[in-house]
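Numbering (the working numbering), first residue to last: 7 to 195. Quick notes on the structure that follows.
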Amino acid sequence: MRNVIFGINMTADGFYGHENMVADEAVHIYFTELLRSAGVLLYGRKTYQLMIPYWPTVAKDQSMPAASNEFARVFTALEMSVFSTTLPEVEGANRRLLRGGLAEHVLELKRQPGKDICVGSLSLAAQLSERGLIDEYRFVVHPVVAGDGPQLFDAVKLRERIRLELIDSQTFPSGAVALHYRRGAHERQ
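Given below as structure tokens:
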């Protein structure tokens with residue numbers, strides 16, 4: 007069965023605003039390798055609009071350092087399911103716009119053969135966490151204190167805590183630290 011993996015950047019004080027991150031080449035390499043293990047990305051409207059058209063443009067013109075260019079190529083090639091009730095359409099042959107049914111879509115994807123399913127959206131990750139559908143969490147904690155910004159459970163509040171097991175950690179030259187967790191064994195039953 008395919009795993010559902012939530013991977014995201016965050017500040018040391020637990021905020022997820024994109025503008026506060028210190029994304030060096032090593033962080034781009036880390037996320038590129040994560041995406042290589044994926045067959046599909048799940049995004050909400052906000053994350054989709056943050057990533058598109060930026061990364062497809064980089065993939066096309068190769069205007070950034072090598073690690074960022076490679077991230078752009080891998081990102082752009084992936085199948086993407088975008089959940090939104092307000093977007094009229096999404097661009098690209100490998101992108102689907104879905105109006106609802108997040109949990110059902112994920113359960114259907116998990117039953118299919120293929121690579122893992124990556125979630126890159128706070129709102130989707132919160133909803134899937136509440137339903138017990140995220141198998142792994144990959145937090146890259148940046149050496150920044152933001153003081154404010156979006157948090158993981160702004161829109162959805164967990165009814166019960168989720169116990170995680172640390173699988174791996176990695177420190178990058180920028181001082182960012184990648185923490186790789188899986189849902190605890192008692193949580194996966």
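We treat Cβ as the ideally placed atom computed from N, Cα and C, and that holds for glycine. Since this is a predicted model, take the numbers as computed values, not measurements.
Under a three-way DSSP split, which group does Gln195 fall into? Residue 195 sits at position 189 when you count from the first residue of the sequence shown. In this prediction, Gln195 scores a pLDDT of 48, lower than 50, which makes its location untrustworthy; no coordinate-derived value is stated.
With a Cβ-Cβ cutoff of 8 Å, do Gly20 and Gln157 count as a contact? Taking the first residue of the sequence shown as position 1, residue 20 is located at position 14. Taking the first residue of the sequence shown as position 1, residue 157 is located at position 151. Going by C-beta atoms, Gly20 is nearer than 8 Å to Gln157.
Of all the options Gly120, Ser175, Lys163 and Phe81, which has the alpha carbon lying nearest to the alpha carbon of Trp61? Translated into positions along the sequence shown, residue 61 becomes position 55. Checked all of Gly120, Ser175, Lys163 and Phe81; the closest Cα to Trp61 is Phe81.
Tyr49: first and last residue of the uninterrupted beta strand (DSSP E) it sits in: The sequence position of residue 49 within the sequence shown is 43, counting from 1. Here the beta strand (DSSP E) through Tyr49 covers Ala44 to Gly50.
Contacts around Gln195, its chain only, beta-carbon distance under 8 Å, and the 5 residues preceding and following it disregarded: Counted from its first residue, the sequence shown places residue 195 at position 189. Per-residue confidence for Gln195 stands at a pLDDT of 48, beneath the threshold of 50, marking its modelled position as unreliable; the derived number appears in the next sentence. In the same chain as Gln195, and ignoring 5 residues on each side of it, no C-beta atom comes closer than 8 Å to its own.
Should the segment 122-130 be regarded as contacting the segment 7-20, the criterion being three or more beta carbon pairs within less than 8 Å? Yes: at least three Cβ pairs fall under 8 Å.
I think Leu115 touches Val46, with their Cβ atoms under 8 Å apart; what is that distance to the nearest whole Å? One-based indexing of the sequence shown puts residue 115 at position 109. One-based indexing of the sequence shown puts residue 46 at position 40. That pair is a contact at about 6 Å.
Enumerate, from N- to C-terminal direction, the unbroken alpha helix (DSSP H) stretches of 4 or more residues contained entirely within the segment 119-143. Annotation note: the segment 119-143 contains the following uninterrupted alpha helix (DSSP H) runs of length 4 or greater, listed N- to C-terminal: 128-136.
Considering only the alpha carbon of each residue, which of Gln118, His186, Leu170 and Arg51 lies closest to Arg144? Position 138 of the sequence shown, counted from the first residue, corresponds to residue 144. Measuring from the Cα of Arg144, the nearest candidate turns out to be His186.
So what does Val33 bridge to, in DSSP terms? Taking the sequence shown and counting its residues from 1, one reaches residue 33 at position 27. Paired residue(s): none; Val33 is not in a bridge.
Indicate the three-state DSSP secondary structure (helix, strand or coil) for Ala72 in the structure shown. On the sequence shown, position 66 is the one that residue 72 refers to. Residue state, collapsed to three classes: helix.
To the nearest whole angstrom, what separates the beta carbons of Gly107 and Asn26, a pair I think is in contact under 8 Å? Position 101 of the sequence shown, counted from the first residue, corresponds to residue 107. Position 20 of the sequence shown, counted from the first residue, corresponds to residue 26. The Cβ separation is near 33 Å, so there is no contact.
Taking Leu164 as part of the beta strand (DSSP E), name the residues at either end of that continuous run. What you label residue 164 is simply residue 158 of the sequence shown in a count that begins at 1. No beta strand (DSSP E) holds Leu164; DSSP gives it neither H nor E.
In this structure, how does DSSP classify Asn9 when only helix, strand and coil are distinguished? To locate residue 9, count along the sequence shown from 1; it is residue 3. Three-state DSSP puts Asn9 in coil, outside helix and strand.
Measuring alpha carbon to alpha carbon, tell me which of Lys163, Ala152 and Gln118 ends up nearest Thr17. Locating residue 17 in the sequence shown gives position 11, counting from the first residue. Among Lys163, Ala152 and Gln118, the Cα nearest to that of Thr17 belongs to Ala152.
Which whole-angstrom value describes the C-beta separation of Val28 and Ser135, a residue pair presumed to lie in contact below a C-beta threshold of 8 Å? Sequence index remark: in the sequence shown, residue 28 carries index 22 (1-based). Sequence index remark: in the sequence shown, residue 135 carries index 129 (1-based). About 26 Å separates the beta carbon of Val28 from that of Ser135, a gap too long to meet the 8 Å contact definition.
Since Arg169 and Gly190 should fall inside the 8 Å C-beta cutoff, what is the C-beta to C-beta distance between them, to a whole number of angstroms? Within the sequence shown, numbered from 1, the residue matching residue 169 stands at position 163. Within the sequence shown, numbered from 1, the residue matching residue 190 stands at position 184. Taking 8 Å as the upper bound for CB-CB distance, Arg169 and Gly190 are in contact here, some 4 Å apart.
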